[in-house]
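Colleague: Keeping their order, the protein sequence lines are chains A and B. With positions in the first sequence counted from 1, the corresponding number in my numbering is that position plus 167. With positions in the second sequence counted from 1, the corresponding number in my numbering is that position plus 167.
Number of protein chains: 2
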Amino acid sequence: MSLSEASSDVVVVGGGIVGTAVAWRAVEAGLSVTLLDPSPGDGATHAAAGMLAPVSESWFGESALARLGIAGLAAWPRFAADLARATGIDVGLRETGTLVAAYDADDVAHLRRWLALHAELGLEPTELTGTQARRREPLLGHHVAGAAWVPGDHVADPRTTRAALSAALHAHPGAAVVRSAAVRLERDAGAVVGVHDDAGTLHRAGAVVLAAGWRSGELAAAPVRPVRGQTLRLDAPPGTAPEHVVRGRVQGRPVYVVPRPPGTGSGPGTTAEHREVVVGATSEEGPADRRPSAGGVFALLRDARALVPALDEAAFVEATLRARPATPDNLPLVGPSATPGLHLATGHHRGGVLLAPLTAEAVVAGLTGAALPPALSVADPDRFTPLLEGAS
Amino acid sequence: MSLSEASSDVVVVGGGIVGTAVAWRAVEAGLSVTLLDPSPGDGATHAAAGMLAPVSESWFGESALARLGIAGLAAWPRFAADLARATGIDVGLRETGTLVAAYDADDVAHLRRWLALHAELGLEPTELTGTQARRREPLLGHHVAGAAWVPGDHVADPRTTRAALSAALHAHPGAAVVRSAAVRLERDAGAVVGVHDDAGTLHRAGAVVLAAGWRSGELAAAPVRPVRGQTLRLDAPPGTAPEHVVRGRVQGRPVYVVPRPPGTGSGPGTTAEHREVVVGATSEEGPADRRPSAGGVFALLRDARALVPALDEAAFVEATLRARPATPDNLPLVGPSATPGLHLATGHHRGGVLLAPLTAEAVVAGLTGAALPPALSVADPDRFTPLLEGAS
């Protein structure tokens with residue numbers, strides 16, 4: 168029983184970077200779109216550092232994910248350029264290169280296995296000596312035992328990107344953003360024909376796109392679970408932030424340090440020379456609590472300062488914890504499902520920012536009856552069947 | 168040149184716990200009082216943990232400070248009772264006892280020197296074995312090598328105390344709180360007769376009390392310098408917070424963990440069983456920057472979790488950095504100065520919360536021509552002469 172009804176071609180559930188990108192590409196394709204989210208951008212996007220790093224992140228047994236990531240990265244330049252044209256906002260897409268650091272002897276052994284894997288895949292990272300690494304990145308800690316250089320990785324600013332997408336959406340006559348929460352799918356003869364929200368409105372639509380992160384499993388039985396990730400934001404004066412993304416392992420624990428360009432600092436006393444630095448990320452299975460733990464803050468600072476000791480002098484701005492949507496095989500759920508009217512754009516785990524542009528293209532292809540990008544064949548939403556059993 | 172004038176018996180410059188306590192005791196004594204502060208309570212009081220610990224804190228060469236602290240603690244019960252009567256607010260004065268912990272062998276050696284000092288002073292801490300210490304405080308870390316028990320120390324909540332003082336002041340017809348900053352003293356024939364504020368008002372008064380923390384040196388040449396201190400606030404679910412104050416040394420670095428009673432937690436998801444836990448404090452000479460550093464947050468968490476590992480599971484709520492007012496001899500500046508009309512209530516360094524009640528009594532005694540409490544003879548504002556040379 169709904170108090171009111173509204174209708175559009177498409178309802179997108181979820182206003183993170185993925186849902187907002189889908190909504191924007193859909194209105195650009197001529198569809199009318201309603202985006203539902205009680206607080207857009209306050210999910211996993213809010214915590215994400217924005218590394219576009221399919222090479223640095225790939226590991227044994229994840230070659231499908233690596234290939235998907237490489238296709239995802241290839242979609243970014245046009246996406247950023249289109250968005251800049253539509254809004255005038257620079258979303259911070261930069262090719263910084265990534266220094267991959269190994270702290271102790273075990274971490275170096277792990278780095279060498281990773282380099283061997285990449286040689287097999289025909290990818291390009293090269294091992295550096297300690298001296299070479301410190302020449303490239305003088306703020307690297309003295310105890311760092313080994314390193315490699317990955318030239319192709321990029322970085323973008325997820326909060327700015329989502330804000331730009333939101334601005335583009337608000338400026339478009341075909342789009343409506345409704346700040347309420349989806350509570351239930353409307354079904355008719357086996358097809359999904361709309362979404363009920365918590366304000367009592369039924370949003371009827373020819374198609375519903377689930378882009379609600381780990382909460383997508385609450386509306387349809389999408390096999391996503393929350394995996395919490397904590398990041399820290401620092402305001403770094405000159406001389407305390409590395410020039411490149413530094414990621415690596417410290418006594419077996421993964422950590423990354425992502426510097427943004429000068430002028431991105433925040434807080435009282437920041438100047439045009441200060442940079443935002445994002446340190447991340449924990450990875451914790453379990454309930455989707457949003458409160459960073461003292462232990463998580465400690466572990467991130469311990470490992471980040473092991474790689475870049477000068478970070479000690481940066482101002483501590485923020486600790487943020489959000490849950491990523493993870494699937495059983497770590498690959499996302501993207502495109503039309505077997506249920507008529509139901510499309511998915513979730514399950515991106517650590518790759519939501521990287522894969523947002525490609526996911527948006529794929530979902531719009533599905534909505535308009537076009538062929539999906541081949542890289543997304545691994546992301547079939549129905550590979551874990553039955554998708555809608557138990558859905559409300 | 169002032170745009171307007173106002174007058175009262177007393178102007179108190181500074182609305183931290185010390186200034187607000189002075190203002191309240193002064194209006195209770197029948198004086199009319201104007202309290203000047205652009206943002207009351209946002210100085211050192213905002214960071215303070217509220218340990219009332221003259222015994223745990225005393226060290227060689229500081230017996231005058233220890234005696235002053237013991238007198239300061241003795242003034243607290245009546246102060247808290249009077250404040251509760253005036254406002255109905257419980258300011259959290261509790262006798263928890265303090266467990267003093269020593270992490271490694273060097274820390275134990277330091278603890279034993281401290282115990283010997285206290286035996287000399289006739290004070291009461293007793294050394295505990297590791298087993299005894301863990302029986303008293305089961306959350307104490309396994310690596311803690313030694314401990315002592317101080318039964319007499321108390322704790323109070325500085326933010327709540329200041330808020331209660333502010334409520335009492337607002338309810339009193341003799342008090343006015345003006346949210347502007349003092350910029351200059353008004354002098355007449357060698358006497359201080361008022362204060363100019365940054366809104367262009369001259370606040371005339373028979374007496375001016377400087378209680379502006381480390382900024383007191385900006386109005387008169389009070390020999391106070393900023394010493395920054397950083398504290399963390401955690402929201403601790405049951406089983407993660409110690410029952411007693413735990414303080415100690417970890418590889419030579421002092422740290423404390425102050426649990427408040429159940430129901431003092433904060434943030435989403437907190438329950439009536441959660442406690443606020445304050446971890447502190449760094450001590451850094453230098454400019455009075457208010458932004459906590461990544462290195463400071465790291466060091467506090469590292470040392471606190473060495474003493475109480477379960478804190479890892481508590482939620483990270485806040486990191487706060489403020490500057491304490493320190494003097495050359497670590498003793499405060501309290502009472503009438505040699506300059507007619509100028510009274511001081513500053514320089515309390517780490518003891519502002521502990522000494523606020525006694526300081527308020529002493530300053531009001533000075534304002535009304537009564538004798539100062541003997542314990543404050545060491546706090547003569549003119550012991551570093553000349554106080555007002557260079558003052559505006």
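Just so it is clear, CB atoms sit at the ideal spot from N, CA and C, and this is done for glycine as well.
Identify, in the order they occur along the chain, each residue of the same chain with its Cβ nearer than 6 Å to the Cβ of S383/A, setting aside the five sequence neighbours on each side.
Modeller: Translated into the one-based positions of the first sequence, residue 383/A becomes position 216. Hits under 6 Å: L377, A389, V391 and T513.
Colleague: Assuming W316/A is part of the beta strand (DSSP E), what are its boundary residues?
Modeller: For the purposes of this step, residue 316/A is taken as the residue at position 149 of the first sequence. First-last of the beta strand (DSSP E) with W316/A: G313 to V317.
Colleague: Between R489/A and chain B, is the shortest Cβ-Cβ distance under 8 Å, so that the two count as touching?
Modeller: One-based indexing of the first sequence puts residue 489/A at position 322. For R489/A, the answer is no, since every Cβ of chain B falls outside 8 Å of its Cβ.
Colleague: Along the stretch 400–433 of chain B, where does the CB come closer than 8 Å to a CB of chain A? Name the residues.
Modeller: Listed by position, the residues of the stretch 400–433 of chain B near chain A (Cβ gap below 8 Å) are L401 and D402.
Colleague: Which same chain residues, not among the five before or five after L539/A, have their C-beta less than 7 Å away from its C-beta?
Modeller: The residue you call residue 539/A lines up with position 372 of the first sequence. The residues are G502, A529, A532 and G533.
Colleague: From the DSSP output, read off the bridge partner residues of E353/A.
Modeller: Indexing the first sequence from 1 puts residue 353/A at position 186. Looking at the DSSP assignment, E353/A forms a beta bridge with G361/A.
Colleague: Starting from V464/B, find everything on chain A with Cβ-Cβ shorter than 8 Å and list it in chain order.
Modeller: In the second sequence, the residue the question calls residue 464/B occupies position 297. The answer, in chain order, is V464, L468 and F483.
Colleague: Since D176/A is in the beta strand (DSSP E), which residue starts that stretch and which ends it?
Modeller: Against the first sequence, residue 176/A aligns to sequence position 9. First-last of the beta strand (DSSP E) with D176/A: S171 to V180.
Colleague: Assign E556/B to buried or exposed, taking buried as 16 or more other Cβ atoms, counted over all protein chains shown, within 10 Å of its Cβ.
Modeller: Here residue 556/B corresponds to residue number 389 of the second sequence, with the count starting at 1. Bear in mind that a pLDDT of 45 at E556/B, under 50, signals an unreliable position, so the number given afterwards is only what the model happens to contain. Burial call: exposed.
Colleague: In this structure, how does DSSP classify P459/A when only helix, strand and coil are distinguished?
Modeller: Looking up residue 459/A in the first sequence gives position 292. If DSSP states are grouped into helix, strand and coil, P459/A belongs with coil.
Colleague: Output, in chain order, the set of chain B residues within a Cβ distance shorter than 8 Å of L478/A.
Modeller: Reading the first sequence from its first residue, position 311 is the one you call residue 478/A. Those within 8 Å of L478/A in chain B are A461 and G462.
Colleague: Please list, in chain order, all residues of the same chain as D365/B whose beta carbon is under 7 Å from its beta carbon, the five residues on each side excluded.
Modeller: As a working note, residue 365/B is residue 198 in the second sequence. Once the five neighbours on either side are set aside, the close Cβ partners of D365/B are S347, A348 and V350.
Colleague: Indicate the three-state DSSP secondary structure (helix, strand or coil) for F483/A in the structure shown.
Modeller: For the purposes of this step, residue 483/A is taken as residue 316 along the first sequence, with counting starting at 1. Note: F483/A maps to strand in three-state DSSP.
Colleague: With a threshold of 8 Å between beta carbons, is A272/A in contact with chain B?
Modeller: Position 105 of the first sequence, counted from the first residue, corresponds to residue 272/A. No, A272/A lies away from the interface with chain B (no Cβ there is under 8 Å from its Cβ).
Colleague: Is it right to say Q299/A is buried, meaning 16 or more other beta carbons lie within 10 angstroms of its own, or is it exposed?
Modeller: Taking the first residue of the first sequence as 1, we reach residue 299/A at position 132. The residue is exposed, with fewer than 16 neighbouring Cβ atoms inside 10 Å.
Colleague: Which residues of chain A have a Cβ atom closer than 8 Å to the Cβ of P435/B, listed in chain order?
Modeller: Taking the second sequence and counting its residues from 1, the one referred to as residue 435/B is at position 268. Under the 8 Å cutoff, chain A gives R457 and R458.
Colleague: What's the C-alpha gap between E353/B and L509/B?
Modeller: Position 186 of the second sequence, counted from the start, is the residue given in the question as residue 353/B. Position 342 of the second sequence, counted from the start, is the residue given in the question as residue 509/B. Those two C-alpha atoms are separated by around 11 Å.
Colleague: If we require 4 or more residues per run, which alpha helix (DSSP H) segments fall completely within the stretch 267–344 of chain A?
Modeller: Complete alpha helix (DSSP H) runs here, min 4: 272–287, 297–303 and 325–337.
Colleague: I need the DSSP call for R234/A, collapsed to helix, strand or coil.
Modeller: Taking the first sequence and counting its residues from 1, one reaches residue 234/A at position 67. Correct three-state label for R234/A: helix.
Colleague: List the residues that DSSP assigns as beta-bridge partners of G415/B.
Modeller: Translated into positions along the second sequence, residue 415/B becomes position 248. Answer is A268/B and V422/B.
Colleague: Is any beta-carbon of chain A found at less than 8 Å from that of A486/B?
Modeller: Here residue 486/B corresponds to residue number 319 of the second sequence, with the count starting at 1. True, the Cβ-Cβ gap to chain A drops below 8 Å.
Colleague: A521/A: buried (16+ other C-beta within 10 angstroms of its C-beta) or exposed?
Modeller: For the purposes of this step, residue 521/A is taken as residue 354 along the first sequence, with counting starting at 1. With the sequence shown as reference, residue 521/A is identified as Leu, and Ala is not the correct amino acid for it. Flag for L521/A reads buried.
Colleague: For A124/A, which residues of its own chain have a beta-carbon under 7 Å away from its beta-carbon, when the five flanking residues on both sides are left out?
Modeller: Nothing in the structure corresponds to residue 124/A, since chain A is present only between 168 and 559.
Colleague: Classify H337/B as buried or exposed, calling it buried when 16 or more other Cβ atoms lie within 10 Å of its own Cβ.
Modeller: In the second sequence, the residue the question calls residue 337/B occupies position 170. Result: exposed.
Colleague: Note down, in chain order, each residue of its chain lying with its Cβ closer than 7 Å to the Cβ of G453/B, except the 5 sequence neighbours on either side.
Modeller: The residue labelled residue 453/B in the question sits at position 286 within the second sequence. Excluding residues within five positions, the ones whose Cβ falls inside 7 Å are R395.
Colleague: Pull up the distance between the alpha-carbon of V446/A and that of A231/B, whole angstroms please.
Modeller: The residue labelled residue 446/A in the question sits at position 279 within the first sequence. The residue labelled residue 231/B in the question sits at position 64 within the second sequence. Using only the alpha carbons, I get a separation of about 46 Å.
Colleague: So is S589/B buried or exposed if we call it buried at 16+ other beta carbons inside 10 Å?
Modeller: Nothing can be reported for residue 589/B: it is not among the residues displayed for chain B, which extend from 168 to 559.
Colleague: Suppose contacts are defined by Cβ-Cβ distances below 8 Å. Is A312/A in contact with D249/A by that definition?
Modeller: Here the question's residue 312/A lines up with position 145 in the first sequence. Here the question's residue 249/A lines up with position 82 in the first sequence. No; because the gap between Cβ atoms is not below 8 Å, this pair is not in contact.
Colleague: Output yes or no for whether 8 Å exceeds the beta carbon distance between V362/B and V178/B.
Modeller: As a working mapping, residue 362/B is identified with position 195 in the second sequence. As a working mapping, residue 178/B is identified with position 11 in the second sequence. Contact flag set, yes.
Colleague: Between the C-alpha atoms of A190/A and E229/A, what's the straight-line distance to the nearest angstrom?
Modeller: Taking the first residue of the first sequence as position 1, residue 190/A is located at position 23. Taking the first residue of the first sequence as position 1, residue 229/A is located at position 62. Those two C-alpha atoms are separated by around 29 Å.
Colleague: Do the CB positions of L500/A and T506/A come within less than 8 Å of each other?
Modeller: As a working note, residue 500/A is residue 333 in the first sequence. As a working note, residue 506/A is residue 339 in the first sequence. No. Outside cutoff.
Colleague: Using DSSP's beta-bridge definition, name the partner residues of D402/A.
Modeller: For this step, residue 402/A is matched to residue 235 along the first sequence. Beta-bridge pairing links D402/A to E443/A and A482/A.
Colleague: Take every Cβ of the stretch 294–309 of chain B, pair it with every Cβ of the stretch 204–219 of chain B, and state whether three or more of those distances are shorter than 8 Å.
Modeller: With a cut-off of 8 Å, the stretch 204–219 of chain B and the stretch 294–309 of chain B do not count as touching, because too few Cβ pairs lie within range.
Colleague: Would DSSP call S559/B helix, strand or coil?
Modeller: Counting from 1 along the second sequence, the entry for residue 559/B is found at position 392. Legend: pLDDT at S559/B = 42, less than 50; position of this residue unreliable, no value from coordinates given.
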